[in-house]
Amino acid sequence: MSKEDPPFSAERRNFLKTMAMGSAAGILGFAGSRADAAPYEAPAYAKAMPPVKIRSVKAIPTAPSYSNLIVVKVETTEPGLYGLGCATFTQRAFPVVTAIEKYMNEFCVGRDADNIEDMWQAFYVSSYWRNGPVLNNALSGLDEALWDIKGKRANMPVYQLLGGKCRFAVPVYAHASGRSIEEVVDNVRKYMDEGFKYIRIQLGGYGGVGGAAAIPDFRKAGFGAESDHYMDEYAYLSNVPKLFEAVRKACGDQIELLHDIHERNQPIDVINMCRQLEQYRPFFIEDPLSPENTHWWKQLRESTTVPFAMGELFNNINEFVEPMVNHYFDFIRIHISQIGGITPAMKVARLGEWFNVRTAWHGPGDVSPVGHAANAHIDLAVWNFGIQEGGYFFTDKEKEVFPGCPECRDGYLYIKEAPGLGIDINEKEAAKYPINNKAPGWTVRKSDGTIIRP
Ligand code: MG
Numbered sequence: 020m021s022k023e024d025p026p027f028s029a030e031r032r033n034f035l036k037t038m039a040m041g042s043a044a045g046i047l048g049f050a051g052s053r054a055d056a057a058p059y060e061a062p063a064y065a066k067a068m069p070p071v072k073i074r075s076v077k078a079i080p081t082a083p084s085y086s087n088l089i090v091v092k093v094e095t096t097e098p099g100l101y102g103l104g105c106a107t108f109t110q111r112a113f114p115v116v117t118a119i120e121k122y123m124n125e126f127c128v129g130r131d132a133d134n135i136e137d138m139w140q141a142f143y144v145s146s147y148w149r150n151g152p153v154l155n156n157a158l159s160g161l162d163e164a165l166w167d168i169k170g171k172r173a174n175m176p177v178y179q180l181l182g183g184k185c186r187f188a189v190p191v192y193a194h195a196s197g198r199s200i201e202e203v204v205d206n207v208r209k210y211m212d213e214g215f216k217y218i219r220i221q222l223g224g225y226g227g228v229g230g231a232a233a234i235p236d237f238r239k240a241g242f243g244a245e246s247d248h249y250m251d252e253y254a255y256l257s258n259v260p261k262l263f264e265a266v267r268k269a270c271g272d273q274i275e276l277l278h279d280i281h282e283r284n285q286p287i288d289v290i291n292m293c294r295q296l297e298q299y300r301p302f303f304i305e306d307p308l309s310p311e312n313t314h315w316w317k318q319l320r321e322s323t324t325v326p327f328a329m330g331e332l333f334n335n336i337n338e339f340v341e342p343m344v345n346h347y348f349d350f351i352r353i354h355i356s357q358i359g360g361i362t363p364a365m366k367v368a369r370l371g372e373w374f375n376v377r378t379a380w381h382g383p384g385d386v387s388p389v390g391h392a393a394n395a396h397i398d399l400a401v402w403n404f405g406i407q408e409g410g411y412f413f414t415d416k417e418k419e420v421f422p423g424c425p426e427c428r429d430g431y432l433y434i435k436e437a438p439g440l441g442i443d444i445n446e447k448e449a450a451k452y453p454i455n456n457k458a459p460g461w462t463v464r465k466s467d468g469t470i471i472r473p
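This is the structure we're talking about:
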């Protein structure tokens, strides 16, 4: 109030009071007329859903093909209402089953199935020590199952709950590998004929271990185990540029090419190889650094212009923050069950949108069909989708165990359009294929026997 304004007079106070009463009277008048009408009844869409509690949480281990798969089933107090989630840590499947059945079930029974974020946070800290792959996978099974339940309750596919579709289907990349460059080229052509527009190329064994024609010294010396793999690092480093050159020459510029270094090389060797690959315009180069070498990020990024995908071995979404805000990589590479499910994956995906980092979820055969469905629901809903690994065709056995498997057609993955994740499990069929301890080993050695870290 300025000095010139008159002080509140009795007239002015009365005027304001009258105005206020008038407004209130208007409101009361409206409310009064409503009191005479029939009681307000919310339309069906506006009614809150009655609460649903968790009745049980169990693990369903199964290996219908070569991989151990773990699926979590969450049953609720509403008859017939349950959810499924992927908890597949194929190399250590039994401890995940124990975590679910001996800890998670008791923790969850009687809790509200609706509060997904709260359930995630509560279980995450309930062991105090956290971030390990066993508990993260168990947590993913719970998280995805709760999203499945929420979708069923809402009568909507999960992608609708995440914001709806940004694309009609999910573009996927296929894996073309071979023992020779010619074999890889043939496989690239085959996938192109099937409609794939993105193809990962690898020479040698899984992840590309280079030419390994010679018998390594460690094997002659009887060092290590019979099943250990050999990697000739320098054969690998010189073969990959030759492979890119041959595929570009034979298959043209229209196809997008990807490659996975699988974290196995020295960072300085990776830099030198990636410089050679720039001329072949790779879509991305995956996992250039092991988790122990992430302090090389800045130097790697400043040394080459190839796009990078990273994160497959990360345990915790917080590991993405620093490289993302510093623009160290271009694609988020996450095994979704490894970091705890849809809830944390959506957080990383949304963070990526602010830094022009796109998604590229891990999607090989050691992700269950339930996990592939979860990947695809996020892929459909996030704007900054990049590509999905999964030129993968489910076997007949897998389709029998998992009715509603996503389908791959013309280089796209299609989910079953149904409430929730759109996929089910036939427990009788699943029980026919018990899990085992025969998961492929990851021991790769140099010729002198030194272990190479993936
Ligand atoms: Mg990889």
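Each residue of the sequence shown is one higher than the last, beginning at 20 in our numbering.
We put the beta carbon where it would ideally sit given N, CA and C, even for glycine.
- Per DSSP, the beta-bridge partners of S196 are Q221.
- Contact check between the region 198 to 206 and the region 174 to 184: fewer than three CB pairs, one atom from each, fall below 8 Å, which does not count as touching.
- Considering only M138, I220, E94, E275, the residue with the shortest C-alpha distance to N258 is I220.
- With a cut-off of 8 Å, the C-beta of H381 is classified as near the ligand MG, since at least one heavy atom of the ligand falls inside that distance.
- The closest CA to that of A112, considering only L154, I351, A328, is found on L154.
- By the 16-neighbour rule on beta-carbons within 10 angstroms, P70 is exposed.
- As summarised for the region 94 to 144, the continuous beta strand (DSSP E) elements at least 3 residues long and confined to that stretch are 101 to 105, given in chain order.
- Straight through space, the alpha carbons of I200 and P422 are spaced by roughly 38 Å.
- The continuous alpha helix (DSSP H) containing V289 extends over residues 286 to 296.
- With a cutoff of 8 Å, H281 counts as near the ligand MG, since its C-beta is closer than that to a heavy atom of the ligand.
- In this structure, A393 keeps its C-beta atom at 9 Å or more from the C-beta atom of G371.
- Going by C-alpha positions, W402 is about 12 Å away from H396.
- Around the beta carbon of F412, a 10 Å sphere encloses fewer than 16 other beta carbons of the protein chains shown; the residue is thus reported as exposed.
- Between the region 351 to 359 and the region 146 to 160 there are three or more inter-stretch CB-CB distances shorter than 8 Å, so the stretches are counted as touching.
- Exclusion of the five residues before and after R377 leaves D349, F350, I351, G371, N403, F404, G405, I406 as the residues of its chain whose Cβ lies within less than 8 Å of its Cβ.
- Short of 7 Å from the beta carbon of K216, and not among the five residues preceding or following it, lie these beta carbons of its own chain, in chain order: P190, I274, E275, G430.
- Look at D306: its beta carbon is less than 8 Å from one of the heavy atoms in the ligand MG.
- In the pairwise beta carbon analysis, the region 321 to 333 is classified as touching the region 291 to 304: at least three pairs are separated by under 8 Å.
- Ranked by how close their Cα comes to the Cα of I304, the residues G390, H278, I287 have H278 in first place.
- Spatial neighbours of N174 in its own chain (CB-CB distance under 7 Å, excluding positions within 5 residues in sequence) are listed in chain order as P438.
- Per DSSP, E282 lies in no alpha helix (DSSP H) segment and is marked neither H nor E.
- A direct Cα-Cα distance of roughly 8 Å separates H354 from V386.
- 9 Å or more divides the Cβ of R472 from the Cβ of G243.
- Across the set P83, M123, A67, the C-alpha of A67 shows the shortest separation from the C-alpha of D133.
- Residue burial annotation: N345 is exposed, with fewer than 16 other C-beta atoms found within 10 angstroms of its C-beta.
- Here DSSP, grouped into helix, strand and coil, assigns T462 to coil.
- Excluding the 5 residues flanking it on each side, K261 has same chain C-beta neighbours closer than 8 Å at I200, in chain order.
- With respect to the C-alpha of M250, the residue from A265, I218, N284, K268 having the closest C-alpha is N284.
- Excluding residues up to 5 positions away in sequence, R74, S75, Y101 lie with their Cβ nearer than 6 Å to the Cβ of E94 in the same chain.
- Burial check for K171: the Cβ neighbour count within 10 Å reaches 16 or more, so the residue is buried.
- Between the ligand MG and R267, a heavy atom-to-CB distance of less than 8 Å is absent.
- When the five nearest sequence neighbours on each side are left out, the beta carbons in the same chain lying within less than 8 Å of the beta carbon of A195 are those of V203, N206, V207, K209, Y210, I218, R219, I220, Q221, in order along the chain.
- Burial is judged here by how many other beta carbons sit within 10 angstroms of a residue's own beta carbon; H314 has fewer than 16 and is exposed.
- In summary, E163 is buried, with 16 or more beta-carbon neighbours lying within 10 Å of its beta-carbon over all protein chains present.
- In the structure shown, C424 falls within a coil segment according to DSSP collapsed to helix, strand and coil.
- Between the alpha carbons of A269 and P453 lies a gap of roughly 44 Å.
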